[in-house]
Amino acid sequence: MTILTVALKYLRGRLVATTLTAVSIALGVSLVVASVLLARGIKDGFIAGATDYNLVVGAKGSPTQLVLGVVFRMDLATPNIEDTIYQSLHQDPRVETAVPIGVGDAFRGFRYVATNSAYFAAFPWRRKTFALAAGKFFADDPPSEPAYEAVLGAEAARSTGLQIGDRFYEGEEMAEYPLTVVGILRPTHSADDRAIFFSLPSYWGMNEVARGMAVKPLTAVLIRPKRMSDLPSLNRELNISADTQAVLPSAVLLTIFNMMAVAENVLKMILAIVGIIVLLYVFVAMYSATMERRREIATMRALGARRATVFGIILAESAGLATVGGVVGLLAGHAIAYLAGLVLGQSGLVTNPFLFNPFEPVVLVSVILLGTLAGLLPAVLAYRTEVAENLAPLS
Amino acid sequence: MSEQSAVLLREVKKAFPLHGRQALEVLDLEHLALPAGSCTVLRGRSGSGKTTLLNLIAGVTVPTAGTIRIGGTDVVALSEARRDRFRAENVGYVFQTFNLVAALSALENVSLAMMFASVVPQREQRRRAGDLLTRLGLSERLAHKPAQLSRGEQQRVAIARALANSPPLVLADEPCASLDAKTADEVLAIFLAVCRQDKKTLLLVSHDEAALGGADRVIDMAELNRTEASSGSA
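Chains as they are written, first to last, in the working numbering: chain A, 119 to 513; chain B, -4 to 229.
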């Protein structure tokens, strides 16, 4: 027998109380872990989705709406710009890559995104890579002969059940222009997983107004300059224009993160309260256990146990409780983050809750230390237990 | 005589402080010597200082005055931590209400006492605990928790626990008071037999006729405790 085995036997001896306390700790820890994982996941999702291009060019209006609508598809699309803007940027010697984007309606909640093959190209500077799980990419068809071919993001394909060769449309008015699935993408863990991609000529062909327009409409153009030193001049020129605005996605991200910081501060306060509640749970559990057990503690002392030994048994019990609750809480936190990630994913945010976060060992050690701390007073009570007083025969 | 005594007390007094009043003296003892290997029964009315005397000898509490020597060691002079260690290795204690640890099995309760001393190596503790319980007729009850044992069985586990570290001195405070007469006789018989076989010095608080009959010596607290004598005559 050792102090640890006695402590574990005591924990097992009051299994219901031990389980309830451990579950309470686990709930608190899982809340902390899930919150941090989700906050991190949301930020990572924003960063991963926004950092491939340095400028987003669109119609005048809210920069945040432009980035959220075009890059993350979380907001309504901004008004259109003319295709000629894309053509001139494409020809601009300062531009390495220009990608036209037309954001349309949605099929069963999955946004139509019209673009060209450059969107999927594997440039060396791209963090995100597009690979096909099945089929092929749609062709860059000429405006006069739209192919109406669609490539589905992984989640869009999984959720709609559409397969290669399937034809689909949303609304009776579009029945005349059905899209045919020619490719399905592998997951990219970004908003692209929830998009339905097709060519700009198909996008214009499906829209009655666009069909009649000599200069075709676009929602935005994504820009990567050849040299970063060209970025300020491009940005300035596009913003001087009466029709367009150019937005640095990183600047919009900072705005979004600043807004999130307010929520994070509230979250931190809630988590601090959760920490205190966990501390109180362990304290109450260990205090009542120690008070109930004073006779047994006195007996151990009478058998020769030193004060430090009974002190150690109570502390080991607290630490054991906190360890079990902490480990279960970490696992539950990942599960909650996963479920919450699925819900958030429906609004365009995609997170990866399975990623190990370096703060997790810190949380676990903190919980064990807090749990042990909560057992300190009960342990001191055990330490100070008067033997003769507590061994008096029961009446 | 005193050179061969397992336990020797001289001019031992014990008083408990009372708030705002003079301390209450419960024990005033001139001399008590217990020969090694003897069985002594202590009897007296309730409140006569029997349990206090056992607690003093065990080192659970310290006297207000006087000396207590066990096997030549002055336990009063020891620090509390050393007294705890000395008690774990040299004194077995059997309580009236068994005081087994509810969360532990019979085997673990006996092993627990060995954890507090360095007499039995850890790898041998379970075997020794099993041997002791078997000797006390509990070979079929090793894995049972106290709540699953009869009162007689619980007290036999408590006796095994008191003998776990092979202490030369065993103290028992009315070990059969919580048992029915038949069970009390059985437990007492086995307890006395084991102590005799192992040549333990036994100090037993009891009013049981069987205990009185099996003792080398019976001491009446009214004669031993001068405080008791003076209050009794008043």
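Here a beta-carbon is modelled for each residue, glycine too, at the ideal position from N, C-alpha and C.
Assigned secondary structure, residue i (DSSP; H/G/I helix, E/B strand, else coil)
{"i": "residue 190 of chain B", "result": "helix"}
{"i": "residue 1 of chain B", "result": "strand"}
{"i": "residue 228 of chain B", "result": "Confidence at residue 228 of chain B is low in this model, with a pLDDT of 45, below 50, so its placement is unreliable and the value that follows should be read with caution. DSSP places residue 228 of chain B in helix when its eight states are reduced to three."}
{"i": "residue 496 of chain A", "result": "helix"}
{"i": "residue 17 of chain B", "result": "strand"}
{"i": "residue 97 of chain A", "result": "Any property of residue 97 of chain A remains undetermined from this structure, which presents chain A solely from 119 to 513."}
{"i": "residue 295 of chain A", "result": "coil"}
{"i": "residue 513 of chain A", "result": "Note that residue 513 of chain A scores 48 on pLDDT, short of 50, meaning its location in the model is unreliable and no value can be drawn from it."}
{"i": "residue 505 of chain A", "result": "helix"}
{"i": "residue 120 of chain B", "result": "helix"}
{"i": "residue 220 of chain B", "result": "strand"}
{"i": "residue -4 of chain B", "result": "With a pLDDT of 42 at residue -4 of chain B, under the threshold of 50, the predicted position of this residue should be treated as unreliable, though the coordinate-derived value follows. If DSSP states are grouped into helix, strand and coil, residue -4 of chain B belongs with coil."}
{"i": "residue 130 of chain A", "result": "helix"}
{"i": "residue 135 of chain B", "result": "coil"}
{"i": "residue 46 of chain B", "result": "helix"}
{"i": "residue 329 of chain A", "result": "helix"}
{"i": "residue 214 of chain B", "result": "strand"}
{"i": "residue 76 of chain B", "result": "helix"}
{"i": "residue 222 of chain A", "result": "strand"}
{"i": "residue 363 of chain A", "result": "strand"}
{"i": "residue 203 of chain B", "result": "coil"}
Minimum Cβ-Cβ distance from residue i to chain B less than 8 Å
{"i": "residue 500 of chain A", "result": "no"}
{"i": "residue 417 of chain A", "result": "yes"}
{"i": "residue 127 of chain A", "result": "yes"}
{"i": "residue 509 of chain A", "result": "yes"}
{"i": "residue 503 of chain A", "result": "no"}
{"i": "residue 122 of chain A", "result": "no"}
{"i": "residue 421 of chain A", "result": "yes"}
{"i": "residue 382 of chain A", "result": "no"}
{"i": "residue 119 of chain A", "result": "yes"}
{"i": "residue 137 of chain A", "result": "no"}
{"i": "residue 412 of chain A", "result": "no"}
{"i": "residue 513 of chain A", "result": "Its pLDDT being 48, under 50, residue 513 of chain A is placed unreliably by the model, and the measurement read from it follows with that caveat. Not one chain B Cβ lies under 8 Å of residue 513 of chain A."}
{"i": "residue 599 of chain A", "result": "The question about residue 599 of chain A has no answer, for chain A in this structure spans 119 to 513."}
{"i": "residue 131 of chain A", "result": "yes"}
8 Å Cβ cutoff, residue i in contact with chain A
{"i": "residue 55 of chain B", "result": "yes"}
{"i": "residue 176 of chain B", "result": "no"}
{"i": "residue 137 of chain B", "result": "no"}
{"i": "residue 228 of chain B", "result": "For residue 228 of chain B, the pLDDT reaches just 45, beneath the cut-off of 50, and the residue's location in the model is therefore unreliable, although a value from the coordinates is still provided. No, residue 228 of chain B does not count as interfacial toward chain A."}
{"i": "residue 108 of chain B", "result": "yes"}
{"i": "residue 50 of chain B", "result": "yes"}
{"i": "residue 23 of chain B", "result": "no"}
{"i": "residue 94 of chain B", "result": "yes"}
{"i": "residue 119 of chain B", "result": "no"}
{"i": "residue 79 of chain B", "result": "yes"}
{"i": "residue 7 of chain B", "result": "no"}
{"i": "residue 103 of chain B", "result": "yes"}
{"i": "residue 262 of chain B", "result": "With chain B covering -4 to 229 only, the question about residue 262 of chain B has no answer from this structure."}
{"i": "residue 76 of chain B", "result": "yes"}
Candidates the options, of which the one nearest residue i by Cα
{"i": "residue 131 of chain B", "options": "B:190, B:50, B:205", "result": "B:190"}
{"i": "residue 203 of chain A", "options": "A:262, A:340, A:408", "result": "A:340"}
{"i": "residue 460 of chain A", "options": "A:141, A:147, A:156", "result": "A:156"}
{"i": "residue 148 of chain A", "options": "A:396, A:259, A:305, A:509", "result": "A:396"}
{"i": "residue 82 of chain B", "options": "A:247, A:154, A:421", "result": "A:421"}
{"i": "residue 103 of chain B", "options": "A:198, A:287, A:398, A:119", "result": "A:119"}
Residues that residue i bridges to, as DSSP identifies them
{"i": "residue 23 of chain B", "result": "B:8"}
{"i": "residue 88 of chain B", "result": "B:166"}
{"i": "residue 411 of chain A", "result": "Its beta-bridge partners do not exist; DSSP assigns none."}
{"i": "residue 34 of chain B", "result": "B:197"}
{"i": "residue 252 of chain A", "result": "A:302"}
{"i": "residue 317 of chain A", "result": "A:233"}
{"i": "residue 267 of chain A", "result": "A:298"}
Beta carbon proximity, residue i to chain E, threshold 8 Å
{"i": "residue 435 of chain A", "result": "Protein chains in the displayed structure are A and B, and chain E is not among them."}
Is there contact here, the region 172 to 179 of chain A with the region 350 to 365 of chain A, by at least three beta-carbon pairs under 8 Å? yes
With three or more C-beta pairs closer than 8 Å as the rule, is the region 32 to 50 of chain B touching the region 16 to 24 of chain B? yes
Report yes or no: do the region 487 to 494 of chain A and the region 183 to 199 of chain A share at least 3 C-beta pairs separated by less than 8 Å? no
Counting beta carbon pairs with one atom in the region 122 to 133 of chain A and one in the region 93 to 102 of chain B, are three or more of them shorter than 8 Å? yes
Okay, do the region 223 to 233 of chain A and the region 313 to 333 of chain A touch, 3+ Cβ pairs below 8 Å being the bar? yes
Does the region 264 to 283 of chain A come within contact of the region 191 to 210 of chain A, defined as at least 3 CB pairs closer than 8 Å? no
Does the count of Cβ pairs from the region 409 to 424 of chain A and the region 491 to 504 of chain A closer than 8 Å reach three? yes
Would the region 85 to 97 of chain B count as touching the region 118 to 135 of chain B if we require 3 or more Cβ pairs under 8 Å? no
Can you confirm whether the region 150 to 168 of chain B touches the region 71 to 89 of chain B when touching is taken to mean that 3 or more C-beta pairs between the two stretches lie within less than 8 Å? yes
Check whether the region 3 to 11 of chain B touches the region 53 to 63 of chain B, taking contact to mean three or more Cβ pairs, one atom from each stretch, closer than 8 Å. yes
Is it the case that the region 138 to 152 of chain A contacts the region 443 to 455 of chain A, given that we only count it when at least three CB pairs across the two stretches are under 8 Å? yes
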